[in-house]
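Below you'll find the structure, written out as structure tokens, and then a few comments.
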Amino acid sequence: MNKITNHMPTAELQALDAAHHMHPFTANTALGKKGARIMTQGKGVWLTDSEGHKIIDGMAGLWCVNIGYGRPELGEVAKRQMDELAYYNTFFQTSHVPAIALAAKIAEIAPEGMNHVFFAGSGSEANDTNIRLVRRYWDIKGQPEKRIIIARTNGYHGSTIGGGSLGGMSGIHAHGGKLAGIVHIGEPNWWEQGGEMTPEDFGLMRAQELEKMILSLGVENVAAFIGEPVQGAGGVIIPPSTYWPEIQRIVDKYGILLIADEVITGFGRTGNWFGSQTFGIRPHIMTIAKGLSSGYQPIGGSIVCDEVAGVIGSDEFNHGYTYSGHPVAAAVALENLRIMQEEKIVEHVRDVAHPYLKAKWEALTEHPLVGEAKLVGLMGSIALTPNKATRAKFAAETGTVGYRCRERCFANDLIMRHVGDRMIIAPPLVITPAEIDVLIERARKSLDECYAGLKADGLLVARG
Ligand SMILES: *Cc1c(COP(=O)(O)O)cnc(C)c1O
């Protein structure tokens, strides 16, 4: 097979990129001066850039390339589907084979009672769908005043106006505003916010903020609660064990709808098909995207429980996207799920990759920069700190040290992302023990270099 290689020199590509391409979540003028790193190929957990570096991808792209790069089956399926039926809509009493087959497959692997799928093109779109779904549900039930959705500070639910409003990131709200009717409670981030409390007490306290919020708004005004089983973009915040059971108790007690945003945690990331299974959550709606197609095609959706789907289906729902259930995206997602099932990739995460990585990841706490190191399935984070005992922040502006660490990782051909001063990983689910060894070796080297640099620059100082 011919490889697609771009022979234009890196500097010329970077200049064109700077001149014409607006990158998401980026200060484009500054990037233009520095030049973007240009990726050209991917195979398994490995990326190659335009300078020929072989990089181990500790982030599976953006948490999505669960089966790894370069699986030819997906391209073959895409071509076959394009040749056969490149596009048709599902709006006007029509359907097509890929959307039908994918919806049925998702229902098969989803938790019991979750048998209905509304397709979208992305996670953000799916969460926009969810806002309308839950409000429409209460309309039809004769309680149209139940409209408020409770979400969490530092949650991430996408960056459309709906998804960005559900998310609790002030930096996103600051750019373009936030929808009314969405409120936020605190996040279960014990490392940063737990103070003298035990993680378990802190988890309970944070969950009980939901009850307080419901009571202060009046349950007659509350439609739903949304949360990620594990906050991803917020820094891989794995909640204390007490958190989700208490949230579930409160949701059940007040009868509001529960939306689990499984865009990252879905499709094997936590060692089960869904994060809700790992944490014992019983949602009414699950948001999916990313791992659904392993990022080979843009597709997302909402998995809806029988009760909610029945109510919504009792009348017209004036909502949908041109590309809802797009046949090529659906066919590719279906092939991705076939590979995941056939190759037992979820079992690989649970029985092989997670236990192997967990021991090595947690051992990073021996490093002088690392306070805590946590891992669920194959999503992990480490907190960088100048003082482990007090869980201190650095005196430098939050993110300074994380950014420096990420730059060392980049230089050592490891992709590890930083969120503030946390470093996070979510490698492809197919990563092998030998590849985990490489990841850890490069991470240690990068941490060492970061530490030496901080020392030299006098930045190993705790915030006063
Ligand atoms: C990435 C993400 C989204 C948004 O998905 P897009 O496909 O980028 O729109 C929503 N929720 C969570 C939890 C995510 O991680």
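When we follow the numbering used here, the leftmost residue of the sequence shown carries the number 487, and every step to the right adds one.
The beta carbon of each residue, even a glycine, is placed where N, CA and C say it ideally should be.
Since the model is a prediction, treat every value here as computed from it, not as a measurement.
Whole-number beta carbon distance between residue j and residue i, since they are thought to touch under 8 Å
i    : j    : result
N707 : R633 : 7 Å
L696 : I733 : 6 Å
G944 : R890 : Between R890 and G944 the Cβ distance is about 13 Å, and since that is not below 8 Å, they are no contact.
L925 : L900 : 7 Å
V814 : A564 : 5 Å
L820 : K844 : About 31 Å; that fails the 8 Å criterion.
P914 : I635 : In fact, because the Cβ distance is near 33 Å, the residues do not count as touching under 8 Å.
C895 : R930 : In fact, because the Cβ distance is near 11 Å, the residues do not count as touching under 8 Å.
S702 : P597 : Actually they are not in contact, since the Cβ atoms of S702 and P597 sit about 31 Å apart, beyond 8 Å.
Sequence-distant residues of the same chain with beta carbon closer than 8 Å to residue i, five excluded per side
i    : result
W532 : K540, I541, I542, D543, Y555
T876 : A948
P854 : Y937
Cβ-based neighbour list, residue i, same chain, cut-off 6 Å, excluding 5 preceding and 5 following
i    : result
I911 : G544, G866, M902
L499 : I524
F760 : E748, G752
G713 : R638
T728 : E686, G689, L690
G518 : A504
I917 : V531, A839
K874 : G857
I771 : N616, I745, S788, V790
S445 : This structure cannot speak to residue 445, because the chain is shown only from 487 to 950.
Residue closest to residue i, alpha-carbon to alpha-carbon, out of the options
i    : options                : result
A920 : P854, I592, Y842       : Y842
A869 : T876, K879, G857, L861 : G857
S810 : E570, I586, P558       : I586
P715 : E682, G721, T764       : T764
S788 : A719, D625, I617, Q717 : I617
D738 : G757, I767, I724, G720 : I767
R908 : E678, G547, Q827, I922 : E678
Helix, strand or coil at residue i according to DSSP, with G and I counted as helix
i    : result
Q527 : strand
C550 : coil
H506 : helix
A859 : strand
V669 : strand
I617 : helix
M487 : Residue placement at M487 is flagged as unreliable, the pLDDT there being 43, under the threshold of 50; the coordinate-derived value follows with that caveat. Of the three classes helix, strand and coil, the one that applies to M487 here is coil, per DSSP.
V749 : coil
F896 : helix
R908 : strand
H840 : helix
D543 : strand
Y555 : strand
Residues near residue i in its chain [Cβ-Cβ closer than 7 Å; skip 5 each side]
i    : result
M487 : Below a pLDDT of 50, predicted positions are generally treated as unreliable, and M487, at 43, falls in that range; the measurement from the model is reported next regardless. Hits under 7 Å: none found.
C550 : K776, G777, S780, G781
G754 : N552, G777, M826, I831, V832, V835, L915
C-beta neighbour in chain D for residue i, strict 8 Å
i    : result
M772 : Given the protein chain composition of this structure (a single chain), no chain D is represented.
Specify whether the region 658-668 and the region 738-758 touch according to this definition: at least 3 beta carbon pairs, one from each stretch, less than 8 Å apart.
-> At 8 Å Cβ cutoff, the stretches do not touch.
Counting Cβ pairs closer than 8 Å, one from the region 610-624 and one from the region 636-652, do we hit at least three?
-> Verdict: yes, contact present.
Is the number of C-beta pairs between the region 590-604 and the region 791-798 that are closer than 8 Å three or more?
-> They touch, by the three-pair rule.
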